[in-house]
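Peer 1: Sequence positions in the sequence shown follow the numbering used here and run 15 to 555.
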Amino acid sequence: MTKYIFVTGGVVSSIGKGITSASLGRILRNRGWVVAPLKLDPYINVDAGTMNPFQHGEVFVTDDGTETDLDLGHYERFIDVSCTAGSSITTGKVYRNVIEAERRGDYLGATVQVIPHVTNEIKKGIVEVGRINEADIVLVEIGGTVGDIEGLPFLEAIRQMRKDHGKENTLYIHVTLVPQVGPWGEIKTKPTQHSVINMREIGISPDVLVCRSEVPIPADVKEKISLFCDVPPEAVVESLSAETIYEVPLLYEDLGLGDLVADRLGLERRTPDLTEWRDLVKRLKAPKRQCSVAVVGKYTMNGDAYKSIAEAIVHAGIANDCRVEVRWIESDTLEGASDPSTLLGDVDGVVVAPGFGDRGVEGKIRAVQYVREHRIPFFGICLGLQMAVIEYARHVCGLEGANSTEFGPCRFPVIDVMPDQVDVTQKGGSMRLGAYPCNMTGGTLAHQLYGATRIEERHRHRYEVNNDFREVLIEHGMVVSGVSPDYRLVEMIEVPAHPFFIATQAHPEFKSRPNRPHPLFTGLVAAALEKKAKALVQPGV
Ligand code: GLN
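(1) Which word fits K321, buried or exposed, when buried means at least 16 other C-beta atoms lie within 10 angstroms of its C-beta?
(2) Out of curiosity, what's the CA-to-CA distance linking G24 and E344?
(3) Mind checking which residues open and close the beta strand (DSSP E) that includes P51?
(4) Kindly examine the ligand GLN and report whether one of its heavy atoms sits closer than 8 Å to the Cβ of F20.
(5) Whole angstroms is fine: what's the gap from G32's alpha carbon to L223's?
(6) Residues with a Cβ closer than 5 Å to any heavy atom of the ligand GLN, in chain order?
(7) From V555 to A549, what distance separates their C-alpha atoms?
(8) Tell me whether V555 sits in a helix, a strand or coil according to DSSP, three-state version.
(9) Would you mind giving the Cβ-Cβ distance between I151 and W47, rounded to the nearest angstrom? I have them listed as a contact below 8 Å.
(10) CA-CA distance, E523 and W198?
(11) Between the C-alpha atoms of D277 and R145, what's the straight-line distance to the nearest angstrom?
(12) So, are the CB atoms of I136 and L54 less than 9 Å apart?
(13) Looking only at DSSP bridge pairs, what is G363 linked to?
(14) Where does G153 sit, in a helix, a strand or coil, going by DSSP?
(15) Excluding five sequence neighbours on each side, which residues of the same chain lie with their C-beta closer than 8 Å to the C-beta of P451?
(16) Which residues in the same chain as A300 place their Cβ atom closer than 7 Å to its Cβ, once the five residues preceding and following it in sequence are excluded?
(17) Counting along the chain, where does the beta strand (DSSP E) carrying C396 start and finish?
(18) Express the C-alpha separation of F74 and L463 in angstroms, rounding to a whole number.
(19) Please say whether G119 and L52 have beta carbons closer to each other than 9 Å?
(20) Under 9 Å between the Cβ atoms of L264 and L288?
(21) Quick one: using the 10 Å Cβ neighbour count with 16 as the cut-off for buried, is T458 buried or exposed?
(22) Report all residues from its chain with a CB closer than 6 Å to the CB of V410; omit the five preceding and five following residues, and keep chain order.
(23) So for Y186, helix, strand or coil by DSSP?
(24) My output table needs one value for S498: the three-state DSSP class, helix, strand or coil.
(25) Please return the same chain residues whose Cβ sits closer than 8 Å to the Cβ of V295, not counting the five positions on each side in sequence.
(26) Would you mind listing the beta strand (DSSP E) stretches within the region 315-347 that are 3+ residues and don't spill past its ends, in chain order?
(27) May I ask which residues mark the beginning and end of the beta strand (DSSP E) holding V479?
(28) Per DSSP, what kind of secondary structure is N453 in: helix, strand or coil?
(29) Looking at the unbroken beta strand (DSSP E) that takes in D83, where does it start and where does it end?
(30) Checking the sheet assignment: what are the DSSP bridge partners for K17?
(31) Are the CB atoms of R389 and K545 within a distance shorter than 9 Å?
(32) Helix, strand or coil for A233, going by three-state DSSP, please let me know.
(33) Nearest-angstrom Cα distance between F483 and L543?
(34) Within this structure, are the beta carbons of K378 and V361 separated by less than 9 Å?
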């Protein structure tokens with residue numbers, strides 16, 4: 015019998031539902047259960063692909079090429095599973111399916127309504143994700159905050175799930191805020207009470223309350239919450255801000271959340287295997303070394319816009335026993351009269367980030383030129399690879415005016431639209447998306463780092479290296495270290511004359527996990543540490 019856990023949020027947004035869900039997934043996985051995570055997003059976009067990263071944070075891409083909310087990244091990193099198209103259900107997707115069914119005549123003349131047609135479509139998606147993944151537990155996070163108009167059909171659908179599947183197979187977890195107010199920092203339970211009242215009005219009585227608080231919640235306050243919100247005291251779980259997000263599953267485990275959830279769902283009590291997770295958190299919290307890596311991008315003002323890159327760097331730090339200080343650099347600031355050495359002169363490594371459109375592109379090219387000439391370890395991701403190729407064409411191959419046709423017509427279009435993208439005018443879901451295989455060229459840095467001859471990485475792009483220029487790039491010392499199996503697409507490049515200069519057309523950040531750090535990020539941090547050590551021996555070099 016599949017079990018369903020629903021995680022809702024109250025009081026304020028950005029309360030940490032994503033990390034709470036992901037952490038819960040990890041503690042259940044540590045008990046050997048097969049957990050299938052699922053995000054229900056009330057926005058009307060069909061997927062997150064068309065959303066601006068400034069507003070909404072990173073667009074995460076799954077193996078099967080679905081463009082999703084960044085919370086799926088948390089699920090994959092914490093639970094160590096691969097999400098699929100079914101792991102993300104939006105209002106847009108639900109309505110699209112319902113309207114298509116109506117046009118086909120599937121509803122046999124019925125008036126199509128939110129209840130039951132829309133709610134049935136949502137419930138179908140929830141059950142389906144459990145079935146496809148043969149999951150013991152489907153872990154469903156509902157985006158937004160209780161009280162939002164657009165969230166209502168989702169809340170109604172999960173309310174009905176208890177009726178359909180029984181109390182013993184469904185669990186409602188509500189994440190709320192327990193703030194401190196006034197000069198003495200009094201802990202207030204009223205927002206939580208109101209939030210639970212809101213939930214009850216729509217027919218859901220939360221079984222467990224996860225209370226986000228800056229300070230430990232005293233026993234009498236927990237009892238008060240328990241009394242007013244009608245949950246037993248042991249189901250009032252305090253959730254303090256942790257030093258690292260990866261510690262949250264361990265904190266929940268210490269508070270007994272794993273056993274509580276297992277008991278409530280009638281699952282047998284199992285002893286969790288925490289060895290690997292405890293070890294990685296320990297290493298993360300007390301690293302022996304330190305280095306700095308700059309990330310040059312154009313959405314750096316929003317901390318969530320490069321979430322997976324930030325996390326992949328943390329994972330690479332764990333692998334290298336190193337705290338990596340990340341310096342976020344807005345690519346615009348490297349343009350015009352600015353001197354790149356003021357921003358990049360003292361960093362140990364540089365990542366040039368993915369992106370779309372021409373803003374900040376010249377700054378990224380400048381960053382590549384600086385790190386190439388100053389032998390600073392460099393890792394280019396997607397647009398970062400394209401920037402590296404343009405820079406090399408301009409300054410090493412002598413192709414002045416080399417550029418990408420993404421930014422308009424140019425003299426040497428070293429980056430050009432992919433043949434299968436030429437006629438595409440639709441914006442959503444129309445790129446080269448998802449996992450594609452790549453063959454590694456023997457003896458290259460990429461081959462050595464991956465330790466494999468064939469790898470698979472996720473993609474999200476329209477443009478690629480123009481094969482008309484492959485030859486001239488190679489003649490001037492650039493190495494194509496990864497190609498698509500049909501040799502048509504350049505997937506990876508490197509410059510062997512440089513200590514560490516590597517770039518990929520893919521997005522390896524999406525596959526990095528704290529317990530399985532990605533070799534390209536691990537390689538970058540190792541190279542950064544090496545550079546730092548050398549600089550210490552030879553000051554000023
Ligand atoms: N804009 C580039 C392209 O479409 C790069 C995309 C990216 O960095 N994800 O090819």
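Even glycine gets a Cβ: it sits at the ideal position worked out from N, Cα and C.
Peer 2: So, from the data block:
(1) buried
(2) 34 Å
(3) 49-55
(4) no
(5) 15 Å
(6) P368, F370, C396, L397, R474, H475, R476, Y477
(7) Because V555 carries a pLDDT of 48, less than 50, the predicted location of this residue cannot be relied on, and no value is offered for it.
(8) Residue placement at V555 is poorly supported in this model, since its pLDDT is 48, which falls under 50; the coordinates still yield a value, given next. The answer is coil: DSSP assigns V555 none of H, G, I, E or B.
(9) 5 Å
(10) 44 Å
(11) 23 Å
(12) A distance below 9 Å separates the beta carbons of I136 and L54.
(13) V307
(14) The identity of residue 153 in the sequence shown is Leu, whereas the question assumes Gly. L153 falls in the strand class under three-state DSSP.
(15) The answer, listed in chain order, is R468, I469, E470, S498, P499.
(16) none
(17) Counting along the chain, C396 falls outside any beta strand (DSSP E), and DSSP gives it neither H nor E.
(18) 24 Å
(19) no
(20) Against a cut-off of 9 Å, the Cβ pair of L288 and L264 comes out as a contact.
(21) buried
(22) H490
(23) strand
(24) coil
(25) T258, Y260, E261, L264
(26) 336-344
(27) 477-479
(28) strand
(29) Careful: D83 lies outside any beta strand (DSSP E) and carries neither H nor E.
(30) I151
(31) yes
(32) helix
(33) C-alpha separation (whole angstroms): 34 Å.
(34) No, the pair does not count as a contact, with Cβ atoms beyond the cut-off.
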